[in-house]
Amino acid sequence: MIKDKTDEISFWDLIEDKDAVKHTWNTEWRRMVLAHCLEQVQTEFDSKVFEAFELYALLDIPAAKVAEKLNISRNAVFIAKHRVLKKMHELGSEFEGGNQEE
35 MIKDKTDEIS
45 FWDLIEDKDA
55 VKHTWNTEWR
65 RMVLAHCLEQ
75 VQTEFDSKVF
85 EAFELYALLD
95 IPAAKVAEKL
105 NISRNAVFIA
115 KHRVLKKMHE
125 LGSEFEGGNQ
135 EE
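Counted the way my numbering counts, the sequence shown spans residues 35 to 136.
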């Protein structure tokens, strides 16, 4: 049987820029963890708290407009952001096994 030369080459030998692949992998991993955490916190917080977080932190709508839209104080918007981000950090750490990068 003739041995194929590709049997001696690993997948990683074919990759020219291993650092770019690692960076892409890490970026996609972080996105997946973030999506998982967002999905989880949405179930753990009151819908108005999560909506305030989403509008202010994710959609970058000014706190005053979020407060007006949801009929809450600006301070409640800031507190919602803080509470949701804190919980997301906790969930991310749990998901990563306590080894999440800062």
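Glycine is no exception: its CB is placed at the ideal position from the N, C-alpha and C atoms.
{"Check": "Limits of the unbroken alpha helix (DSSP H) element including Glu-124", "Outcome": "108-129"}
{"Check": "CB contact below 8 Å: Ala-86 versus chain D", "Outcome": "Among the chains of the structure shown, chain D does not appear; only one protein chain is present."}
{"Check": "Contacts around Val-55, its chain only, beta-carbon distance under 6 Å, and the 5 residues preceding and following it disregarded", "Outcome": "Ile-49"}
{"Check": "Buried or exposed by the 16-neighbour rule on C-beta atoms within 10 Å, applied to Leu-89", "Outcome": "buried"}
{"Check": "Three-state secondary structure assigned by DSSP to Asp-53", "Outcome": "helix"}
{"Check": "C-beta atoms of Val-75 and Lys-121 nearer than 8 Å", "Outcome": "yes"}
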